[in-house]
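So in the numbering used here, spot 90 of the sequence shown is number 1464, and the numbers just go up one at a time. The beta-carbon is built from N, C-alpha and C at its ideal position, and this holds for glycine as well. Computed from a predicted model, the values in this text were never measured in an experiment.
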Amino acid sequence: MTNLKGKVAIVTGSWLGRGLEIACALSLAGAKVIIPSCTLEKSNFALEYITQQVPDADLIPMQLDLSSLASIQSFAYAFQSLHLPLHILINNASVVSCFKSYTKDEFEATFGINYLGHFYLTLLLADVLKKSAPARIVMVSSSANHLFLPSSGLDLCNLNAEKGYSPSIAYGQSKLASILFAKELQRQFDNEGADITVISLHPGMANSIDMPQHFDISRLLDSLCKHGSKDILKETLQSRRDRMDASSVIYCATSSGIIKGEFYCQNQVNANLLNKQANDQRMARMLWEASVKMIASKMYSIQ
């Protein structure tokens, strides 16, 4: 891996599984790593684990609850008060909610945490990233953007699941939204002349069952949720323990030759896993505007 001495990284969802392995690998490469979690207890757990693997790790545990706009804003301000640069932002945290639930700001939880929380966080940190350029933003998405959704893609009229809730559709929408955001953000940075690379990726499914090519994975997810098979769901669809799962994120976050705005899988650009809507610039812009309005409706600003 590239020597990251002098670099600063933030990894959301870094207290367990894939995120923990990502933070550990970045530390091993010499980066200063911010390890935010919804509680300081969880962040300190990550600190203890990583320092066991990398005794000289340079870590800063912080609190960040992606289900709360107030917490996101507080984290961004707290990070800015450290007067550190920011070279790598890995938006890794992700949830699959079996039942319809809401964030503290009353957004549907899967969309609110996986996408909207990261959208707000990224924009609050954008100025620091620009000043620290060259910098990189990695949106950890999923092939669910393609597998779980019809080709029509995102339903802007149902981002908050008012028309009914399906775990697979909610998850797929959140992951497609992350891809659209990455592409639109890259276009905006390019227009500004900012030396920032934004990419999205499917990291692979660690410790997953081997499914036939045409297996209806969305039906499996809905069925597991319906019947309460939480242990199976965790093992098959939410496992993040495999270091190989983390390695693809590390590759996209640190390697040279990464193509701006693209979607990666297994360390290469992969358009086959994209929903047809993923390259729709008009939809990306409409999603951006809808996201700003959702945040503004709770009296928060992206400035």
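If residue i and residue j are in contact, beta carbons under 8 angstroms, what's the gap, nearest whole angstrom?
i: Asn1488; j: Arg1392; result: The pair is not a contact, with the Cβ atoms about 14 angstroms apart (cut-off 8 angstroms).
i: Phe1522; j: Tyr1539; result: Contact flag wrong, Cβ pair sits at about 13 angstroms.
i: Phe1485; j: Ser1417; result: Their Cβ separation, rounded to whole angstroms, is 25 angstroms, which puts Phe1485 and Ser1417 out of contact at 8 angstroms.
i: Ala1627; j: Ala1568; result: Contact doesn't hold; Cβ gap of about 18 angstroms is too wide.
i: Ala1397; j: Ala1420; result: 6 angstroms
i: Ile1464; j: Thr1386; result: 7 angstroms
i: Ile1676; j: Tyr1476; result: With 8 angstroms as the limit, Ile1676 and Tyr1476 do not qualify as a contact, their Cβ atoms being about 21 angstroms apart.
i: Val1696; j: Leu1438; result: Since the first and last residues shown for the chain are 1375 and 1677, residue 1696 lies out of range.
i: Ala1399; j: Lys1381; result: Not quite, the Cβ-Cβ distance comes to about 13 angstroms (not below 8 angstroms), so this is no contact.
i: Tyr1732; j: Asn1646; result: Shown here, the chain extends from 1375 to 1677; a query on residue 1732 therefore has no answer.
Can you list, in chain order, the residues of its chain whose CB lies under 6 angstroms from that of residue i, leaving out five sequence neighbours each side?
i: Ser1442; result: Lys1478
i: Lys1557; result: Gly1635 and Ala1658
i: Ser1471; result: Ala1483 and Thr1484
i: Tyr1674; result: Leu1443
i: Ile1462; result: Ala1383, Arg1510 and Ala1627
i: Leu1440; result: Ala1467, Ile1487 and Gly1491
i: Ala1652; result: Ile1553
i: Gln1427; result: Cys1398
i: Phe1563; result: Ile1570
i: Lys1672; result: Leu1443 and Asp1479
Measuring alpha carbon to alpha carbon, tell me which residue in the options is nearest residue i.
i: Ser1516; options: Val1623, Lys1406 and Ala1664; result: Val1623
i: Leu1503; options: Asn1532, Cys1531 and Ala1450; result: Ala1450
i: Val1512; options: Leu1421, His1576, Lys1505 and Lys1474; result: His1576
i: Leu1661; options: Phe1555, Ile1676 and Ile1669; result: Phe1555
i: Ile1632; options: Ala1670, Ala1664, Ile1570 and Lys1381; result: Ile1570
i: Ala1518; options: Asp1654, Glu1663 and Asn1649; result: Asn1649
i: Leu1402; options: Pro1410, Ser1411 and Thr1425; result: Thr1425
i: Leu1528; options: Glu1536, Ile1543 and Lys1537; result: Ile1543
i: Val1572; options: Lys1537, Glu1536, Val1514 and Pro1541; result: Val1514
By the 10 Å Cβ neighbour count, where 16 or more other Cβ atoms means buried, how is residue i classified, buried or exposed?
i: Ala1620; result: buried
i: Asp1501; result: exposed
i: Cys1531; result: exposed
i: Ser1552; result: buried
i: Ile1583; result: Caution is warranted here: a pLDDT of 28 is assigned to Ile1583, below 50, making its placement in the model unreliable, and the coordinate value is therefore given only provisionally. Looking at its Cβ environment, which holds fewer than 16 other Cβ atoms inside 10 Å, Ile1583 is exposed.
i: Ala1431; result: buried
i: Pro1435; result: buried
i: Thr1413; result: exposed
i: Phe1473; result: exposed
i: Pro1410; result: buried
i: Gln1655; result: exposed
i: Pro1429; result: exposed
i: Phe1589; result: Bear in mind that the predicted position of Phe1589 carries a pLDDT of just 38, short of 50, making it unreliable; the figure below should be weighed with that in mind. So Phe1589 ends up on the exposed side.
i: Leu1607; result: For Leu1607, the predicted model reports a pLDDT of 46, less than 50, meaning its position is unreliable; a value from the coordinates is still stated below. So Leu1607 ends up on the buried side.
i: Ser1388; result: buried
i: Ser1574; result: buried
Based on the DSSP output, what are the partners of residue i in its beta bridges?
i: Ile1335; result: The displayed coordinates of the chain run from 1375 to 1677. Any statement about residue 1335 would go beyond what the structure contains.
i: Ala1627; result: Its beta-bridge partners do not exist; DSSP assigns none.
i: Asp1432; result: Lys1406
i: Leu1476; result: Checking the sequence, you will find Tyr at residue 1476 rather than Leu. According to DSSP, which records beta bridges pairwise, Tyr1476 is partnered with Glu1482.
i: Ile1462; result: Ala1383 and Arg1510
i: Cys1639; result: His1576 and Gln1642
i: Ser1411; result: Gln1437
Excluding sequence positions up to five away, which residues of its chain have a Cβ less than 7 angstroms from the Cβ of residue i?
i: Glu1395; result: Arg1617 and Ala1620
i: Phe1481; result: Leu1490, Asn1534 and Met1668
i: Gln1447; result: Leu1498 and Tyr1674
i: Tyr1366; result: Missing from the structure shown is residue 1366; the chain here goes from 1375 to 1677 and no further.
i: Gln1587; result: Below a pLDDT of 50, predicted positions are generally treated as unreliable, and Gln1587, at 32, falls in that range; no measurement from the model is reported.
i: Leu1460; result: Val1382, Ile1384, Leu1499, Val1502, Leu1503, Ser1506 and Ala1509
i: Gln1454; result: Val1502
i: Val1469; result: Ala1483, Thr1484, Ile1487 and Asn1488
i: Val1666; result: Ile1676
In its own chain, which residues sit with a C-beta less than 8 angstroms from the C-beta of residue i, not counting the 5 before and 5 after it?
i: Ser1525; result: Asn1649, Lys1650 and Gln1651
i: Gln1640; result: Gly1578 and Ser1622
i: Gln1664; result: Position check: residue 1664 holds Ala in this sequence, whereas Gln was assumed. Once the five neighbours on either side are set aside, the close Cβ partners of Ala1664 are Leu1530 and Leu1533.
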